[in-house]
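Keeping their order, the protein sequence lines are chains A and B. The letter at position 158 of the first sequence is residue 158 when you use full-length UniProt numbering, and the numbering goes up by one with no holes. The letter at position 369 of the second sequence is residue 369 when you use full-length UniProt numbering, and the numbering goes up by one with no holes.
2 protein chains.
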Amino acid sequence: MRAEIIAVGTELLLGQIVNTNAQYLSRGLAELGIDVYYQTVVGDNKERLMQAIGIARGRADLLVFTGGLGPTLDDLTRDALAEYVGRGIGLHEPTMEKIMNMFASRGGAFVESNRRQAMLIEGATPLRNDTGLAVGNALTVDGISYLLLPGPPREMKPMFDNDGSAWLKEQLGPSAALHSVMMKFAGIGESMLEDLLIDLIREQQDPTIAPYAKEGEVAVRVSTKATDADEAARKLEGTLVEIRRRTREYLYAEDDVPIEAAVVRMLTQQQRTLTLAESCTGGMLSGLVTTIPGSAVVYKGGIVSYSNEVKMKQLGVSRELLEGPGAPGAISAETAAVMAEGMRAAADSDFALSVTGNAGPSAAEDKPVGLVYVGLAERGGVTRVEKLQLSGDREGIRLRAAKRALYMLWQSLSGQG
Amino acid sequence: MRAEIIAVGTELLLGQIVNTNAQYLSRGLAELGIDVYYQTVVGDNKERLMQAIGIARGRADLLVFTGGLGPTLDDLTRDALAEYVGRGIGLHEPTMEKIMNMFASRGGAFVESNRRQAMLIEGATPLRNDTGLAVGNALTVDGISYLLLPGPPREMKPMFDNDGSAWLKEQLGPSAALHSVMMKFAGIGESMLEDLLIDLIREQQDPTIAPYAKEGEVAVRVSTKATDADEAARKLEGTLVEIRRRTREYLYAEDDVPIEAAVVRMLTQQQRTLTLAESCTGGMLSGLVTTIPGSAVVYKGGIVSYSNEVKMKQLGVSRELLEGPGAPGAISAETAAVMAEGMRAAADSDFALSVTGNAGPSAAEDKPVGLVYVGLAERGGVTRVEKLQLSGDREGIRLRAAKRALYMLWQSLSGQG
Numbered sequence: 001m002r003a004e005i006i007a008v009g010t011e012l013l014l015g016q017i018v019n020t021n022a023q024y025l026s027r028g029l030a031e032l033g034i035d036v037y038y039q040t041v042v043g044d045n046k047e048r049l050m051q052a053i054g055i056a057r058g059r060a061d062l063l064v065f066t067g068g069l070g071p072t073l074d075d076l077t078r079d080a081l082a083e084y085v086g087r088g089i090g091l092h093e094p095t096m097e098k099i100m101n102m103f104a105s106r107g108g109a110f111v112e113s114n115r116r117q118a119m120l121i122e123g124a125t126p127l128r129n130d131t132g133l134a135v136g137n138a139l140t141v142d143g144i145s146y147l148l149l150p151g152p153p154r155e156m157k158p159m160f161d162n163d164g165s166a167w168l169k170e171q172l173g174p175s176a177a178l179h180s181v182m183m184k185f186a187g188i189g190e191s192m193l194e195d196l197l198i199d200l201i202r203e204q205q206d207p208t209i210a211p212y213a214k215e216g217e218v219a220v221r222v223s224t225k226a227t228d229a230d231e232a233a234r235k236l237e238g239t240l241v242e243i244r245r246r247t248r249e250y251l252y253a254e255d256d257v258p259i260e261a262a263v264v265r266m267l268t269q270q271q272r273t274l275t276l277a278e279s280c281t282g283g284m285l286s287g288l289v290t291t292i293p294g295s296a297v298v299y300k301g302g303i304v305s306y307s308n309e310v311k312m313k314q315l316g317v318s319r320e321l322l323e324g325p326g327a328p329g330a331i332s333a334e335t336a337a338v339m340a341e342g343m344r345a346a347a348d349s350d351f352a353l354s355v356t357g358n359a360g361p362s363a364a365e366d367k368p369v370g371l372v373y374v375g376l377a378e379r380g381g382v383t384r385v386e387k388l389q390l391s392g393d394r395e396g397i398r399l400r401a402a403k404r405a406l407y408m409l410w411q412s413l414s415g416q417g
Numbered sequence: 001m002r003a004e005i006i007a008v009g010t011e012l013l014l015g016q017i018v019n020t021n022a023q024y025l026s027r028g029l030a031e032l033g034i035d036v037y038y039q040t041v042v043g044d045n046k047e048r049l050m051q052a053i054g055i056a057r058g059r060a061d062l063l064v065f066t067g068g069l070g071p072t073l074d075d076l077t078r079d080a081l082a083e084y085v086g087r088g089i090g091l092h093e094p095t096m097e098k099i100m101n102m103f104a105s106r107g108g109a110f111v112e113s114n115r116r117q118a119m120l121i122e123g124a125t126p127l128r129n130d131t132g133l134a135v136g137n138a139l140t141v142d143g144i145s146y147l148l149l150p151g152p153p154r155e156m157k158p159m160f161d162n163d164g165s166a167w168l169k170e171q172l173g174p175s176a177a178l179h180s181v182m183m184k185f186a187g188i189g190e191s192m193l194e195d196l197l198i199d200l201i202r203e204q205q206d207p208t209i210a211p212y213a214k215e216g217e218v219a220v221r222v223s224t225k226a227t228d229a230d231e232a233a234r235k236l237e238g239t240l241v242e243i244r245r246r247t248r249e250y251l252y253a254e255d256d257v258p259i260e261a262a263v264v265r266m267l268t269q270q271q272r273t274l275t276l277a278e279s280c281t282g283g284m285l286s287g288l289v290t291t292i293p294g295s296a297v298v299y300k301g302g303i304v305s306y307s308n309e310v311k312m313k314q315l316g317v318s319r320e321l322l323e324g325p326g327a328p329g330a331i332s333a334e335t336a337a338v339m340a341e342g343m344r345a346a347a348d349s350d351f352a353l354s355v356t357g358n359a360g361p362s363a364a365e366d367k368p369v370g371l372v373y374v375g376l377a378e379r380g381g382v383t384r385v386e387k388l389q390l391s392g393d394r395e396g397i398r399l400r401a402a403k404r405a406l407y408m409l410w411q412s413l414s415g416q417g
């Protein structure tokens, strides 16, 4: 099955929003074993939308639409497709009831245009919308399948994942779907990881091996087509074992979680606590850890020591270390070590991580942009400090420094430190 | 001029990356007064790429490509377009020299395939690449203009903003371009802001008024077409004055900066310092402030008091306030006030902001998800606390709480507190 994704909305063409829906759907379709050959974006204009449908019908046998199912006259996707395939439109009673109930419970007057959201193309299967009002449509006409999904991601995603995927699987029949394992790595760059796996990547046929890199993390997706999970596991096993053998010291998870989630999981299992002392990352590391629900159990808190004053007063870094000719300065291995040790002692945690460096845009203390020290203090253990020379812009340097600190902690927690 | 954006790359079709380039280019083209009617994504496949070119030529007079200018055999955009328009390809000597120099300085062996990045379609204008190797191409054939830009955003953006835009302006001649002012608001939601401006939005013709909302911030873009900045200023003035009059207490900037940048700017002007005490935002607020270059001058540091222990020890919150039956607890106005006051006193800063609340996913201290208190302590001033009931997911609640805290500080700094 060859698919084309058609996102409908003038706000996309004006650059007001990013087309994240296309990515989400592309990934989801790939997982179902459906190839996406084109993505198209077209505005809220019936003529141009119908032209886009015509072009897509000529080069795909599945058209997945997102956007244009709302209540306003700008929302044209359903009408345009119905006209294109020569079918009428009828009211989907359960959706209409839901809309009326919503208005009743809110106590507002029913606005007639909301009726549009309950409309279904003749013969189409309704797709449930658990997070909004507009009902989705799925239909096949003349051998071409159409999936109509809402535009707002919070409605589109669950509808695609639930009723949309189920309908697509029915169309595909018992054919093989894509099964994959996402292997996540830290402490290693994309090119170095590729070097370690280069022969596997070159010779890959089935399973396939696809490296990814984003937001300071590196991943490899290992995929195969199989009719069920057991068959998939058998086909994937050999490749997974070989990759594990070569990358043991960097492989922190075999599901798509960030390193902060892996670290919080291990701290929780080991019932150990963490504190953070941040200078150049300025709270970003703490922000990453606390994105993880349940982090409050293991993360006690931290100090952002952006000024030397706070480094001295709150973390016990001595003035001699920070100031005066010949002193190592705030951006130094010595300061990173004392920050971590001071933080750990002050809050009596099992671990403390520290980060100090220059994230740019200009030199500080005559130290180059990208020079960062990360420290790890451990109760009853030896304090470790790593020196990094990172490239990229301010945000990139901060993010990579934070991820590197989490990797140091992961090494200790997994007994590889 | 009607444009189509064609992003080339199989990684987009697999959903491995989001097509942020399309948004960036759409916005940039709109600012030049160029309408974008379609965005297309096609894989690294010459045949399908040439088909896409053919379709785009039939419905646009400017085709802007991104991706496919790199060194590998997968990078096909230049070759496909040259073949389509029947032109040869030649070496762009200055780019070739730059590539050779880069290899010489790195000390690595020159890889022949890199020569591809210095190739230019016959008669094309080269577009300088300050952040990478591949040279851009700009040319007009049979009344249709083509702009070829690299795929990596850090190369594409500066090339489009510099040589790309300049070349497009030449093609457009002295015609009117879009001039706009971005007005940024805090402390107000999108729908409330729309209510304040609804008659202006309904009756808008020239200038146009477009509301935006993203990442906890609300904006309005006021735009008009004009041949120069003076004419634009005259045409925009009346609308800007009226919007300012209605929104004074929320309007924090008339350029596209986040509230944290406005706050750092005002603190710097007023030579005042800030510290932060965060609970549920967990360092995110501090992370936002320190994204701003130069924030180190006014931001002394902060404490992430994720545990009650840290609240007591580092911020001087009393056990009676936090624990025991009938105590207000960590999520309370009282605790928010003491956190801010304790932080300010400990670091002797002019201001301290505090945030404590429940960002979810489940209730804490029997307090509902989304209940957040933000506090502001000021040297010699009265401590203020605001109670918020925020909706959304964990990240959304944290972000909106952080932005609200910054708004409180902005109010004080601008004399509206």
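For every residue, glycine included, the Cβ atom is placed at its ideal position computed from N, Cα and C.
Residue i to residue j, Cα distance in whole Å?
| i | j | result |
| --- | --- | --- |
| leucine 149 of chain B | isoleucine 188 of chain A | 30 angstroms |
| glutamine 314 of chain A | glutamine 269 of chain A | 30 angstroms |
| leucine 32 of chain A | leucine 178 of chain A | 6 angstroms |
| lysine 387 of chain B | proline 174 of chain A | 54 angstroms |
| glycine 380 of chain A | threonine 275 of chain A | 15 angstroms |
| valine 18 of chain B | valine 298 of chain A | 33 angstroms |
| valine 181 of chain B | glutamate 242 of chain B | 14 angstroms |
| serine 305 of chain B | proline 211 of chain A | 38 angstroms |
| glycine 136 of chain A | leucine 25 of chain B | 31 angstroms |
| proline 368 of chain B | glycine 360 of chain B | 8 angstroms |
| isoleucine 209 of chain B | alanine 226 of chain B | 16 angstroms |
| isoleucine 198 of chain A | arginine 246 of chain A | 11 angstroms |
| threonine 77 of chain A | glycine 302 of chain B | 50 angstroms |
| arginine 404 of chain A | leucine 390 of chain A | 11 angstroms |
| glutamate 231 of chain A | tyrosine 252 of chain A | 25 angstroms |
| lysine 46 of chain B | alanine 80 of chain B | 6 angstroms |
Quick one: what does DSSP say residue i is sitting in, helix, strand or coil?
| i | result |
| --- | --- |
| valine 111 of chain A | coil |
| alanine 7 of chain A | strand |
| threonine 383 of chain A | coil |
| glycine 415 of chain B | coil |
| leucine 388 of chain B | strand |
| alanine 347 of chain B | helix |
| arginine 400 of chain B | helix |
| alanine 405 of chain B | helix |
Answer with yes or no whether the minimum CB distance from residue i to chain A is below 8 angstroms.
| i | result |
| --- | --- |
| isoleucine 303 of chain B | yes |
| alanine 219 of chain B | no |
| residue 432 of chain B | Limits of chain B in this structure are 1 at one end and 417 at the other, which puts residue 432 of chain B out of reach. |
| tyrosine 212 of chain B | yes |
| glycine 287 of chain B | yes |
| arginine 394 of chain B | yes |
Would residue i count as contacting chain B if we go by Cβ distances under 8 angstroms?
| i | result |
| --- | --- |
| proline 361 of chain A | yes |
| serine 113 of chain A | no |
| alanine 261 of chain A | no |
| isoleucine 408 of chain A | The displayed chain sequence assigns methionine, not isoleucine, to residue 408 of chain A. No - not a single Cβ of chain B is within 8 angstroms of the one on methionine 408 of chain A. |
| proline 383 of chain A | Going by the sequence as given, residue 383 of chain A is threonine instead of proline. False, the Cβ-Cβ gap to chain B never drops below 8 angstroms. |
| glycine 342 of chain A | no |
| proline 293 of chain A | yes |
Closer than 7 angstroms: is that where the CB of residue i sits relative to any heavy atom of the ligand ADP?
| i | result |
| --- | --- |
| proline 368 of chain B | Among the ligands in the structure shown, none appear at all, so the ligand ADP cannot be discussed. |
(message) Please give the ranges of any alpha helix (DSSP H) in the stretch 266-345 of chain B, keeping only runs that are unbroken, at least 4 residues long and fully inside the region.
(response) You should have 284-289, 308-315, 319-322.
(request) Mind listing, in chain order, the continuous alpha helix (DSSP H) runs of no fewer than 4 residues lying wholly within the stretch 205-270 of chain A? (result) The DSSP assignment places 229-247, 259-270 as complete runs of the alpha helix (DSSP H) inside the stretch 205-270 of chain A, in order along the chain (cut-off: 4 residues).
(request) Scan the stretch 114-189 of chain B and note each continuous alpha helix (DSSP H) run of 4 residues or more that stays entirely inside, going in chain order. (result) Listed in chain order, they are 153-159, 165-172.
(message) To test your reading of the DSSP string, which unbroken alpha helix (DSSP H) runs of 4 or more residues are found completely within the stretch 14-85 of chain A?
(response) Listed in chain order, the complete alpha helix (DSSP H) runs (minimum 4 residues) inside the stretch 14-85 of chain A are 20-31, 46-57, 77-85.
(request) Would you list, in chain order, the members of the stretch 274-285 of chain B that have their beta-carbon closer than 9 angstroms to a beta-carbon of chain A? (result) Residues Thr275, Leu276, Glu278, Ser279, Cys280, Thr281, Gly282, Gly283, Met284, Leu285.
(message) Please identify, using Cβ separations under 8 angstroms, the residues of the stretch 13-24 of chain B that lie next to chain A, in order along the chain.
(response) Residues Leu13, Leu14, Gly15, Gln16, Ile17, Val18, Asn19, Thr20, Ala22, Gln23, Tyr24.
(request) Anything in the stretch 37-66 of chain B with a Cβ closer than 9 angstroms to a Cβ of chain A? List those residues in chain order, please. (result) Interface annotation for the stretch 37-66 of chain B against chain A: Tyr37, Tyr38, Gln39, Thr40, Val41, Val42, Gly43, Asn45, Arg48, Gln51, Ala52, Ile55, Arg59, criterion Cβ-Cβ distance under 9 angstroms.
(request) Check each residue of the stretch 295-319 of chain B: if its Cβ is closer than 9 angstroms to any Cβ of chain A, include it; give the result in chain order. (result) For the stretch 295-319 of chain B, the beta-carbon criterion of a distance under 9 angstroms to any beta-carbon of chain A is satisfied by Ser295, Ala296, Tyr299, Lys300, Gly301, Gly302, Ile303, Val304, Ser305, Tyr306, Ser307, Glu309, Val310, Lys311, Lys313, Gln314.
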